[in-house]
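Working notes, structure below.
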Amino acid sequence: MDEEQLEAFKEELTKTFFYSILSDLSEIGETLSDFEVKLLIKKALAHSPDLQVEWGEMDRFGNNTLLVKYESNLLVIEVSPLINTIRILWNEYKSRES
């Protein structure tokens, strides 16, 4: 994969991820827990057929580590900041709405 293809892949993955998260959040009428946000993140990444996504074993990788395999590459992502950000922003939004 050349640099241009990589940039196009990253851009498409970013769009798909955020649109999926926003779409799923629009169907939720209540506050979110960390676990529910983790489900949303995995579901959003699963929209890309080129990726294999799973949560890392807690004893090996920690509580919020996502393993993303693309072709022969493995990306290990600590997603606690992302989980917290989504949960806090969504819960704040829902509390202002009511």
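Once you know that position 50 of the sequence shown is 576 in the working numbering, the rest is easy, because the numbers rise by one and skip nothing. Glycine is no exception: its CB is placed at the ideal position from the N, C-alpha and C atoms. A quick note: this is a predicted structure, and the numbers were derived from the prediction, not measured.
Bridge partners - residue 531, DSSP secondary structure assignment: In DSSP, residue 531 forms no bridge with anything.
The ligand GTP heavy atom lying under 6 angstroms from the CB of residue 617: No copy of the ligand GTP appears in this structure; indeed no ligand is present at all.
DSSP-derived helix/strand/coil call for residue 591: It is a strand residue.
For residue 581 and residue 593, the rounded distance between their alpha carbons: Computed Cα separation, rounded: 6 angstroms.
Touch test, the stretch 533–546 against the stretch 555–562, Cβ-Cβ under 8 angstroms, three pairs minimum: The answer is no - the stretch 555–562 does not touch the stretch 533–546, with fewer than three Cβ pairs under 8 angstroms.
Cβ neighbour criterion (16 or more within 10 Å) applied to residue 622: Per the 10 Å Cβ criterion, exposed.
Spatial distance of residue 489 from residue 583 (CA atoms): Limits of the chain in this structure are 527 at one end and 624 at the other, which puts residue 489 out of reach.
Local conformation of residue 650 per DSSP, three classes: Given a span of 527 to 624 for the chain in the structure shown, any question on residue 650 remains unanswerable.
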